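Written out below as structure tokens is the structure these notes cover.
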Amino acid sequence: VSEEMRLSIAAQACLIPLASDLWYEELTTVLVYPGAFRSRMVSRDGYVVREEEVVRLGESWSRGQVVLSWADVAAGAADPEDGRNVVLHEFAHQFDDLSGDTNGVPVLAEGQSFEEWERVFLRAYMRLRRRAETGRASVLDTYGAQSHEEFFAVAIEAFFERPGDLREDEPELYAQLSELLKLDP
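First residue of the sequence shown: 221, per our numbering; consecutive thereafter.
In structure tokens, the structure reads:
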């Protein structure tokens, strides 16, 4: 891993907690592959267990581990307005996990209302799910329609990469993220 790689990843990852009182205290490892990598995924449906290999651009694990594709790190840094950034996405999961669970509910800023966060977050999440189901465009990547934690990660990507579009399309979500991160890009 070169110095350029370290600095590029660190600079992008540091945007999320830049103005907050939180830090990636549990972060221990950042593993960098040259490109997309294969990861084993296990899913359970009742008594049926499925194992499959999936191609990934990044992963974030609890206990402070992040895995990244360097090709996608570089692509995300090269176009800071395309709404896609694997570093922001995976480190959003690490930021979310500071609450003790990666579930789309991070440690909120002092004075930030959980009830308001939940109301705004769930409404925006349901709008994205409807848009994904009907094929309508959104400033938020439809990958976020999978789960609350993925929604939080794609919202963070949009907040930093397409702030004007997010502010216009999802003003309440933008306001909540701005309050959470103490930033207004």
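We treat Cβ as the ideally placed atom computed from N, Cα and C, and that holds for glycine.
Being a predicted model, the structure only gives us computed values, none of them experimental.
Beta-carbon proximity list for residue i, same chain, < 6 Å, skipping 5 on both sides
| i | result |
| --- | --- |
| residue 378 | 303, 359, 360, 386 |
| residue 262 | 271 |
8 Å Cβ cutoff met for residue i and residue j
| i | j | result |
| --- | --- | --- |
| residue 392 | residue 340 | yes |
| residue 362 | residue 373 | no |
| residue 229 | residue 307 | yes |
| residue 310 | residue 286 | yes |
| residue 400 | residue 312 | no |
| residue 278 | residue 249 | no |
| residue 246 | residue 260 | no |
| residue 357 | residue 390 | no |
| residue 314 | residue 394 | no |
Own chain residues within Cβ distance below 7 Å of residue i, not counting five before or after
| i | result |
| --- | --- |
| residue 404 | 398 |
| residue 293 | 228, 229, 306, 307 |
| residue 369 | 313, 316, 322, 323, 324 |
Boundaries (first-last residue) of the beta strand (DSSP E) holding residue i
| i | result |
| --- | --- |
| residue 289 | 285-289 |
| residue 279 | 278-281 |
Exposure label - residue i; buried when at least 16 CB within 10 Å
| i | result |
| --- | --- |
| residue 255 | exposed |
| residue 322 | buried |
| residue 222 | exposed |
| residue 258 | exposed |
Unbroken alpha helix (DSSP H) run spanning residue i, endpoints
| i | result |
| --- | --- |
| residue 232 | 223-233 |
| residue 354 | 334-354 |
| residue 304 | Here residue 304 belongs to no alpha helix (DSSP H), and DSSP marks it neither H nor E. |
| residue 383 | 383-389 |
Chain B contact for residue i (CB, 8 Å cutoff)
| i | result |
| --- | --- |
| residue 238 | The displayed structure is made up of one protein chain only, and chain B is not part of it. |
Beta-carbon proximity list for residue i, same chain, < 8 Å, skipping 5 on both sides
| i | result |
| --- | --- |
| residue 290 | 225, 252, 253, 254, 255 |
| residue 396 | 332, 336, 337, 340, 341 |
Along the chain, which unbroken stretches of the beta strand (DSSP E) at least 3 residues long are found entirely within the segment 238-267? DSSP assignment within the segment 238-267 yields the following whole beta strand (DSSP E) runs of 3 residues or more, N-terminal first: 249-253, 257-265.
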